[in-house]
Amino acid sequence: MTDEKTVPEEMLHAYVDGELTSEEGVRVDAWLASHPEDAAMVAAWRHQNALIREVFAQAGVLPDDTETRGPGRTKGRSRMALAASIAMFAIGLAAGIGIGVFTPGLRSDAPTIAAHAETAYRVYSVEKRHPVEVGPDEREHLVKWLSNRLETPLPLPDLAAEGLTLVGGRLTTGEGGPAALFMFEALNGDRYTVYVTRSARAAETAFRFDLAGDVGSCYWLDKGVAVVVNGPADRDRLQAIANRVYDAYEGTAAAGPAKG
Amino acid sequence: MSSEAFKADVAAQTPSLTRYALALTRDRDLAEDLVQDTLARALSREHLWHGGSMRAWLFTILTNLDRNRRRSLAIRPGTDEFDERQFGTPPDDPLTRRAIERGVAALPAEQREVLLLVALEGLSYREVAEVQDVPIGTVMSRLSRARAALRVALEAGPQAQLRRVK
Chain A
9 MTDEKTVPEE MLHAYVDGEL TSEEGVRVDA WLASHPEDAA MVAAWRHQNA LIREVFAQAG
69 VLPDDTETRG PGRTKGRSRM ALAASIAMFA IGLAAGIGIG VFTPGLRSDA PTIAAHAETA
129 YRVYSVEKRH PVEVGPDERE HLVKWLSNRL ETPLPLPDLA AEGLTLVGGR LTTGEGGPAA
189 LFMFEALNGD RYTVYVTRSA RAAETAFRFD LAGDVGSCYW LDKGVAVVVN GPADRDRLQA
249 IANRVYDAYE GTAAAGPAKG
Chain B
18 MSSEAFKADV AAQTPSLTRY ALALTRDRDL AEDLVQDTLA RALSREHLWH GGSMRAWLFT
78 ILTNLDRNRR RSLAIRPGTD EFDERQFGTP PDDPLTRRAI ERGVAALPAE QREVLLLVAL
138 EGLSYREVAE VQDVPIGTVM SRLSRARAAL RVALEAGPQA QLRRVK
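As given, the protein sequences belong to chains A and B, one line each in that order. Anchor point for the first sequence: position 228 equals 236 in the numbering used here, and the numbering is continuous, going up by one each time. Anchor point for the second sequence: position 14 equals 31 in the numbering used here, and the numbering is continuous, going up by one each time.
Here is the structure:
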């Protein structure tokens, strides 16, 4: 890579906003190393992004801080009223649909695991060359290895019916212990991961569905095993895939080593 | 997509919509109205939901409602003034904070929308193009101008911001 093509400004923006592929990112990295003015610009934009998030994210929290309300403001409705009305709205919706997705109490056990899984998805699914440690040609070894590390039998779900082929798997981290990550790929290149870890929490939960930006999560806890399915934020698609994973995992923790 | 799932997905975006509305308007009462109107509008228009990015769709509704609001405000100047008390406790560096707030507030509305959707809400350029109903190239040039202006604002500091014209 000796001939360096000029990197246009749009590409630098895309670099800052995470819109580039890893190859393009490498090219921009190389460019910035030898173009300090552009590097300074990129650093300034990153700094802006961070400040914007810091300043305005704080505003979105809606703290109960009546002191900061201006004496001249006589519109009546306080920020608490805003927080309360929006919360009521959301809870009302949740109650209406009967799956407690927005009730904090119900959500408290699984989210940290879901957050680990989502991070793993974001980190590994974009990898072109090393997305997994063990490839599809070593299925048996993969399953045995990860099952041993997690000390629980881990079935490898067959998602062919959903048009997904196995990319492979890797060992990653969970909450204070190991986690297994299986990765699958659709024909269009979309990747899905099945993240499995042990959870000390006894709770059993129904399916949860969460969207975090462009990534969707579907997760559940069952008999001390937490399973999180991640993929692009298409609820129906993710749900269909998660159903198949659920079928594969149903009852595994309680059962003996499962063959298959 | 079933109606329940639809409602759940709409409601799940409430915190993001609130944050964006606050950053956009810098006014809690307005933000509340915008978010409530957006949710109500989305829920009553499920039949118009065409799939794709739910976020982009909701941000489109909110952005358009805000544009309508500003249009109606145009005949009542002065109502839209910057009110720094609308936000919570300042962070460690109040000058930088104020420079950011003023700098963002001083941007033309289209640029402010792009910058907030990209930097604050993490929308992809494609989603922002959908929200604003413009080609991606327009999104890029708005983003570029917004960042250049904000860079000047931040480097000049909050005092100079008041004098800067563009």
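Idealized CB from N, CA, C, for every residue including glycine.
Out of the options, which has the shortest C-alpha to C-alpha gap to residue i?
{"i": "B:Y142", "options": "A:T14, A:A22, A:V237, A:E258", "result": "A:A22"}
{"i": "B:R162", "options": "B:T113, B:G120, B:A173, B:V148", "result": "B:G120"}
{"i": "A:V204", "options": "A:L219, A:I249, A:V233", "result": "A:V233"}
{"i": "B:S70", "options": "A:P240, A:Q247, A:A38", "result": "A:P240"}
{"i": "A:R206", "options": "A:A47, A:T160, A:R243", "result": "A:T160"}
{"i": "A:A38", "options": "A:E18, A:G26, A:T14", "result": "A:T14"}
{"i": "A:E146", "options": "A:H124, A:A256, A:F190", "result": "A:F190"}
{"i": "B:N81", "options": "B:L65, B:S20, B:R58", "result": "B:R58"}
{"i": "A:A128", "options": "A:G143, A:A47, A:T181", "result": "A:T181"}
{"i": "A:G177", "options": "A:L20, A:S155, A:N196, A:G197", "result": "A:S155"}
{"i": "A:G221", "options": "B:L51, B:T55, B:R72", "result": "B:R72"}
{"i": "A:P16", "options": "A:A48, A:R61, A:V36", "result": "A:V36"}
{"i": "A:L229", "options": "A:Y254, A:T29, A:D242", "result": "A:Y254"}
{"i": "A:G185", "options": "A:E135, A:D242, A:Q247, A:H124", "result": "A:H124"}
{"i": "B:G68", "options": "A:Q247, A:D242, A:E258", "result": "A:D242"}
{"i": "A:T120", "options": "A:G143, A:E183, A:D198, A:L162", "result": "A:E183"}
Might you give, ordered along the chain, the residues of its own chain that have their beta carbon closer than 8 Å to the beta carbon of residue i, omitting 5 neighbours on each side?
{"i": "A:D24", "result": "It is worth fixing the name first, because residue 24 of chain A is Val in this sequence and not Asp. So the list reads V50, W53, R54, N57, once near-sequence residues are dropped."}
{"i": "B:L124", "result": "L132, A163, A166, L167"}
{"i": "A:L172", "result": "F192, E193, A194, Y200, I249"}
{"i": "B:R129", "result": "L41, V121, A122, A163"}
{"i": "B:A28", "result": "L56"}
{"i": "B:L137", "result": "R36, Y37, A40"}
Is there a Cβ of chain B sitting closer than 8 Å to that of residue i, yes or no?
{"i": "A:A65", "result": "yes"}
{"i": "A:H43", "result": "no"}
{"i": "A:G221", "result": "yes"}
{"i": "A:N196", "result": "no"}
{"i": "A:E27", "result": "yes"}
{"i": "A:N156", "result": "no"}
{"i": "A:L40", "result": "no"}
{"i": "A:L59", "result": "yes"}
{"i": "A:W53", "result": "yes"}
{"i": "A:T74", "result": "Caution is warranted here: a pLDDT of 31 is assigned to A:T74, below 50, making its placement in the model unreliable, and no coordinate value can be reported."}
{"i": "A:E126", "result": "no"}
{"i": "A:E148", "result": "no"}
{"i": "A:E170", "result": "no"}
{"i": "A:R130", "result": "no"}
Rounded C-beta distance between residue i and residue j? I'm assuming under 8 Å.
{"i": "A:E126", "j": "A:L179", "result": "With 8 Å as the limit, A:E126 and A:L179 do not qualify as a contact, their Cβ atoms being about 18 Å apart."}
{"i": "A:F169", "j": "A:R245", "result": "Sequence inspection shows Ala at residue 169 of chain A; the Phe mentioned does not correspond to that position. With 8 Å as the limit, A:A169 and A:R245 do not qualify as a contact, their Cβ atoms being about 13 Å apart."}
{"i": "A:V175", "j": "A:V202", "result": "Rounded, the Cβ-Cβ distance is 11 Å, inconsistent with contact."}
{"i": "B:V135", "j": "B:L160", "result": "6 Å"}
{"i": "A:P165", "j": "A:A256", "result": "4 Å"}
{"i": "B:L140", "j": "B:L79", "result": "Not a contact, Cβ separation roughly 12 Å."}
{"i": "A:D46", "j": "A:L20", "result": "6 Å"}
{"i": "A:I60", "j": "B:I153", "result": "Rounded, the Cβ-Cβ distance is 21 Å, inconsistent with contact."}
Please check if any C-beta of chain A sits within less than 8 Å of the C-beta of residue i.
{"i": "B:H55", "result": "Note on residue identity: the sequence assigns Thr, not His, to residue 55 of chain B. It does not: the Cβ of B:T55 has no partner Cβ on chain A nearer than 8 Å."}
{"i": "B:M118", "result": "Reading the sequence as shown, one finds Glu at residue 118 of chain B and not Met. It does: the Cβ of B:E118 has a partner Cβ on chain A nearer than 8 Å."}
{"i": "B:R62", "result": "no"}
{"i": "B:V121", "result": "yes"}
{"i": "B:S89", "result": "no"}
{"i": "B:A136", "result": "yes"}
{"i": "B:A40", "result": "yes"}
{"i": "B:R86", "result": "no"}
{"i": "B:M157", "result": "yes"}
{"i": "B:Y142", "result": "yes"}
{"i": "B:D26", "result": "yes"}
{"i": "B:A59", "result": "no"}
Suppose you measure from the CA of residue i to the CA of residue j; what does that come to, to the nearest Å?
{"i": "A:R157", "j": "B:Q30", "result": "37 Å"}
{"i": "A:F3", "j": "B:L41", "result": "Since the displayed chain A opens at 9 and closes at 268, residue 3 of chain A lies outside it and no answer follows."}
{"i": "B:D83", "j": "A:G224", "result": "28 Å"}
{"i": "B:A146", "j": "B:T77", "result": "10 Å"}
{"i": "B:V169", "j": "B:W74", "result": "32 Å"}
{"i": "A:V151", "j": "A:S133", "result": "19 Å"}
{"i": "B:V148", "j": "A:V237", "result": "29 Å"}
{"i": "A:A65", "j": "B:Y37", "result": "9 Å"}
{"i": "A:H149", "j": "B:M157", "result": "48 Å"}
{"i": "A:R130", "j": "A:G26", "result": "12 Å"}
{"i": "A:V63", "j": "B:D26", "result": "26 Å"}
{"i": "A:A188", "j": "A:D218", "result": "20 Å"}
{"i": "B:V151", "j": "B:P32", "result": "26 Å"}
{"i": "B:R43", "j": "B:S61", "result": "27 Å"}
{"i": "A:S30", "j": "B:R88", "result": "42 Å"}
{"i": "A:L167", "j": "A:N196", "result": "15 Å"}
{"i": "A:L90", "j": "A:W153", "result": "For A:L90, the pLDDT reaches just 46, beneath the cut-off of 50, and the residue's location in the model is therefore unreliable, although a value from the coordinates is still provided. The alpha-carbon atoms of A:L90 and A:W153 are separated by roughly 51 Å."}
Spatial neighbours of residue i within its chain, please: CB distance less than 7 Å, with the 5 preceding and 5 following residues excluded, ordered by chain position.
{"i": "B:E98", "result": "Unreliable placement is indicated for B:E98, whose pLDDT of 38 sits below 50; the coordinate value is still reported in the next sentence. Cβ neighbours of B:E98 beyond the five flanking positions: none."}
{"i": "A:K136", "result": "S30"}
{"i": "B:L65", "result": "none"}
For residue i, which residues from the same chain have a beta carbon less than 6 Å from its beta carbon, with the 5 sequence-adjacent residues on both sides left out?
{"i": "A:Y227", "result": "A118, A122, R216, V236"}
{"i": "B:F23", "result": "E63"}
{"i": "B:L171", "result": "A116"}
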